[in-house]
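Per my numbering, residue 29 is the first one in the sequence shown, and the count goes up by one each step.
See structure below.
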Amino acid sequence: MEEMKATEKVADEDTIKILCPRLILIKNEPGLQWLIGSPFFPPFTIISTLKSIHTTSSSSSPDFIKESDDLRTLLIKGFDVIGALVAGGSSSDDGEKSAREAIGWARKLREFVIGGGGENLENRELIGAVAGLSGGDVKFFVERNGNVTAVDSVVYEENQENFVWERGCLFRCNLPIKMPVYFPVKNEAVSLDLKNGIRNKINGEFDMEVGTYLRSSKSMWQVQRHTNGRGLEDRITLGMASGNAEKMYLRAAEAVASSFKDPLATYMVERLSKDISSVPQPVIIRGVDLDFNTDLTNIKLVDGKAAQDSDAKKLTCAHFCLKSKSSPGLISVENADVIQVSVLFNSSGKSPKSSAPLAEYFPALEEARLFFVNFELEVLCYVAKDLLLMSAISKLIIPALVDQFNSMKKAVLLKLLVQHPQLCSYHFNPPGLLHPITVIYELNYGETELKQVEVRRSLHTRLGLPFDRPLLRIANALDFSMMKDGSGNNSKRKGPSLLKNVHIGIPSSGVSGGVVSLVQGSYEYHHYLQDGFDDSGWGCAYRSLQTIISWFRLQHYTSIDVPSHREIQQALVEIGDKDPSFIGSREWIGAIELSFVLDKLLGVSCKIINVRSGAELPEKCRELALHFENQGTPIMIGGGVLAYTLLGVDYNEVSGDCAFLILDPHYTGNDDHKKIVNGGWCGWKKAVDSKGRNFFLHDKFYNLLLPQRPSMV
Numbered sequence: 029m030e031e032m033k034a035t036e037k038v039a040d041e042d043t044i045k046i047l048c049p050r051l052i053l054i055k056n057e058p059g060l061q062w063l064i065g066s067p068f069f070p071p072f073t074i075i076s077t078l079k080s081i082h083t084t085s086s087s088s089s090p091d092f093i094k095e096s097d098d099l100r101t102l103l104i105k106g107f108d109v110i111g112a113l114v115a116g117g118s119s120s121d122d123g124e125k126s127a128r129e130a131i132g133w134a135r136k137l138r139e140f141v142i143g144g145g146g147e148n149l150e151n152r153e154l155i156g157a158v159a160g161l162s163g164g165d166v167k168f169f170v171e172r173n174g175n176v177t178a179v180d181s182v183v184y185e186e187n188q189e190n191f192v193w194e195r196g197c198l199f200r201c202n203l204p205i206k207m208p209v210y211f212p213v214k215n216e217a218v219s220l221d222l223k224n225g226i227r228n229k230i231n232g233e234f235d236m237e238v239g240t241y242l243r244s245s246k247s248m249w250q251v252q253r254h255t256n257g258r259g260l261e262d263r264i265t266l267g268m269a270s271g272n273a274e275k276m277y278l279r280a281a282e283a284v285a286s287s288f289k290d291p292l293a294t295y296m297v298e299r300l301s302k303d304i305s306s307v308p309q310p311v312i313i314r315g316v317d318l319d320f321n322t323d324l325t326n327i328k329l330v331d332g333k334a335a336q337d338s339d340a341k342k343l344t345c346a347h348f349c350l351k352s353k354s355s356p357g358l359i360s361v362e363n364a365d366v367i368q369v370s371v372l373f374n375s376s377g378k379s380p381k382s383s384a385p386l387a388e389y390f391p392a393l394e395e396a397r398l399f400f401v402n403f404e405l406e407v408l409c410y411v412a413k414d415l416l417l418m419s420a421i422s423k424l425i426i427p428a429l430v431d432q433f434n435s436m437k438k439a440v441l442l443k444l445l446v447q448h449p450q451l452c453s454y455h456f457n458p459p460g461l462l463h464p465i466t467v468i469y470e471l472n473y474g475e476t477e478l479k480q481v482e483v484r485r486s487l488h489t490r491l492g493l494p495f496d497r498p499l500l501r502i503a504n505a506l507d508f509s510m511m512k513d514g515s516g517n518n519s520k521r522k523g524p525s526l527l528k529n530v531h532i533g534i535p536s537s538g539v540s541g542g543v544v545s546l547v548q549g550s551y552e553y554h555h556y557l558q559d560g561f562d563d564s565g566w567g568c569a570y571r572s573l574q575t576i577i578s579w580f581r582l583q584h585y586t587s588i589d590v591p592s593h594r595e596i597q598q599a600l601v602e603i604g605d606k607d608p609s610f611i612g613s614r615e616w617i618g619a620i621e622l623s624f625v626l627d628k629l630l631g632v633s634c635k636i637i638n639v640r641s642g643a644e645l646p647e648k649c650r651e652l653a654l655h656f657e658n659q660g661t662p663i664m665i666g667g668g669v670l671a672y673t674l675l676g677v678d679y680n681e682v683s684g685d686c687a688f689l690i691l692d693p694h695y696t697g698n699d700d701h702k703k704i705v706n707g708g709w710c711g712w713k714k715a716v717d718s719k720g721r722n723f724f725l726h727d728k729f730y731n732l733l734l735p736q737r738p739s740m741v
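Here is the structure:
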């Protein structure tokens, strides 16, 4: 009878609150999205949605094993699945049937993600939503105790980031682990000469590549090359040791995972940023005092203002949160309160009487091999400011460490006796997402290798991100090391920081009825005499190139440092364009050389426009405007012995009047924005000014270098 229940209207106090800017990730495309919320938010509050990308081969239902593995890594603790949305669901029953199915999938996914976490999944209130492909309103339903009811009250929060970060903060914990693994080496190996037909002898499970291993039903196959008096001879060694290694590896990993809840473990909690003198002293939490049994949903929050007790057991996370809830300005991930947790293991407890230390020796019963597996754990958690510190550690930090360790453990197991994968976790806050996510990358592969590109494309699909720009590369990752000094500056540039986006706020061009097309994104202003290097009179093109490369850095297309003059010269020598004597010289370079350097260092292609005279440059305004609208990169203009950086154009198609936004690298003063703008070092220039003077020389030809924005993830 349960499937015959009529749709009921819920009480007025039941409201769906939507924080995420985009509820439907991809329009006009059927699919399933997971709705994400937090136990620290009011019920039915949706902070984000993630697309389901894995389905079973036999049906269109989600592959819960793969989906749960992905989400367990991607979602930081403090956020979880609270429902599902079906795009393109059936409208024959007002969406209720599709909503019921979505709720069932969400409940099953939670079972896979949480596992034996102790949560009462049956009583969890979940959301089911249905959206048609043709657009229109999304229909929401909620389930309580098996009853599915429609919800008419839907509120879209205006100050989404304030809603999230006024209530919560970030906990961060990084923990390096060097895990020893011992396993017995049995003398049960047999060698076979590699001859024709050997592939059939091992059932076709053997890869002929030297040094690779493939799993068989009982062991690992290993290829080795042996040298004898007759030369090289290929052999196959069928080793039975791999099964022992796998068994011992899993046993060692289980011991490590259980150590996170060791009563002798100690957790030091402190504020990450040291930007002000009033930072509270670190607090010590002991493992013996932690409660691992109570479910997080049953833990009551404590008023952080009232909990000012010096006892660590009574302190809330608000103790380390210095930002007032009434503070003005936008709060976001970048300036949220970040609290650091350090894990310390104390294997020696207090003894009632003095005694000499003891060392136990356990001799191996047979020949054994030892190898080490390194794990670099780094987890983030979203924590309510009014949650007790002890609960934050036991309910969020420790489960996060266990989950990340288990994820890395599985990846290492696949290549246990080969080259261990170098795994590293990174945290990102891509546009349109109100909370950070975590991704584990295998650093054995370069970022441009196909395997890594496919990983990022999959993540872009799940998050609904565009595929023409890098948003999840290592250079995009949140850099918490910069927060220790409170600078909040994520630039890794050596030396003092440079002025960025100096064109913002400058006077208008004076073109009547013109359309302004500008550089998209941020850049740094590089000019003469910076970094204590005297390039006055010859280095303007080098400085323009540095500004262009800074744009690619700040848009995260690359993570390389902005090259020095010598490094630019070195690149030109390495590709054979210049002789070795060019390095360290004061020779000029032009648009062609800049294109060579961008191609070598960044893999960026460029378009070059040639004009015979500076008088012809206004004729190129329409083409330049299209470049800024479609590509958005800074342009280098070189003519005669001078080079400039072009940041935009203001162009009236009817009258032909135009102006060029010039960033002049010939400036030699200090980085004073007012002085730069007032002095005309960054400003609009007309080909012929009001006094009849030509900015671009009529007797010189000009080359314009237009870097092309890579279409990449």
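Positions of the beta carbon are idealized from the N, C-alpha and C atoms, including for glycine.
Cα-Cα separation between residue i and residue j, rounded to whole angstroms
i           : j           : result
residue 330 : residue 68  : 12 Å
residue 493 : residue 291 : 43 Å
residue 413 : residue 199 : 11 Å
residue 688 : residue 476 : 36 Å
residue 702 : residue 555 : 16 Å
residue 474 : residue 480 : 7 Å
residue 277 : residue 406 : 21 Å
residue 382 : residue 313 : 26 Å
residue 6   : residue 343 : This structure cannot settle anything about residue 6, because the visible part of the chain is limited to 29 through 741.
residue 671 : residue 553 : 14 Å
residue 64  : residue 54  : 17 Å
residue 91  : residue 116 : 19 Å
residue 681 : residue 736 : 24 Å
residue 578 : residue 730 : 23 Å
residue 711 : residue 622 : 23 Å
residue 602 : residue 433 : 43 Å
residue 652 : residue 576 : 16 Å
Extent of the continuous alpha helix (DSSP H) to which residue i belongs
i           : result
residue 340 : Where residue 340 is concerned, there is no enclosing alpha helix (DSSP H), given that its DSSP letter is neither H nor E.
residue 97  : 92-102
residue 701 : 701-706
residue 649 : 649-658
residue 421 : Careful: residue 421 lies outside any alpha helix (DSSP H) and carries neither H nor E.
residue 600 : 593-602
Counted within 10 angstroms of its Cβ, other Cβ atoms place residue i as buried (16 or more) or exposed
i           : result
residue 317 : exposed
residue 490 : buried
residue 695 : buried
residue 355 : Its pLDDT being 46, under 50, residue 355 is placed unreliably in this model, and the value from its coordinates should be taken loosely. Counting Cβ neighbours within 10 Å, residue 355 comes out exposed, since fewer than 16 surround it.
residue 275 : exposed
residue 288 : buried
residue 389 : exposed
residue 732 : buried
residue 685 : buried
residue 29  : Note that residue 29 scores a pLDDT of 29, beneath 50, so its modelled location is shaky and nothing firm can be said.
Beta-carbon gap between residue i and residue j smaller than 8 Å
i           : j           : result
residue 95  : residue 85  : no
residue 141 : residue 130 : no
residue 470 : residue 450 : yes
residue 569 : residue 604 : no
residue 160 : residue 134 : no
residue 487 : residue 500 : yes
residue 285 : residue 373 : no
residue 550 : residue 677 : no
residue 724 : residue 717 : no
residue 191 : residue 179 : no
residue 300 : residue 359 : no
residue 101 : residue 468 : yes
Cβ separation of residue i and residue j, assumed to be a contact under 8 Å, to the nearest whole Å
i           : j           : result
residue 127 : residue 166 : Between residue 166 and residue 127 the Cβ distance is about 10 Å, and since that is not below 8 Å, they are no contact.
residue 308 : residue 296 : So it is not a contact: roughly 13 Å between Cβ atoms.
residue 704 : residue 530 : 6 Å
residue 634 : residue 573 : Between residue 573 and residue 634 the Cβ distance is about 11 Å, and since that is not below 8 Å, they are no contact.
residue 410 : residue 107 : 6 Å
residue 397 : residue 213 : 5 Å
residue 138 : residue 153 : Actually they do not touch by this definition, with Cβ atoms about 12 Å apart.
Limits of the beta strand (DSSP E) - the one that residue i falls within
i           : result
residue 495 : From DSSP, residue 495 is part of no beta strand (DSSP E); its letter is neither H nor E.
residue 548 : Note, residue 548: premise wrong, no beta strand (DSSP E); not H, not E.
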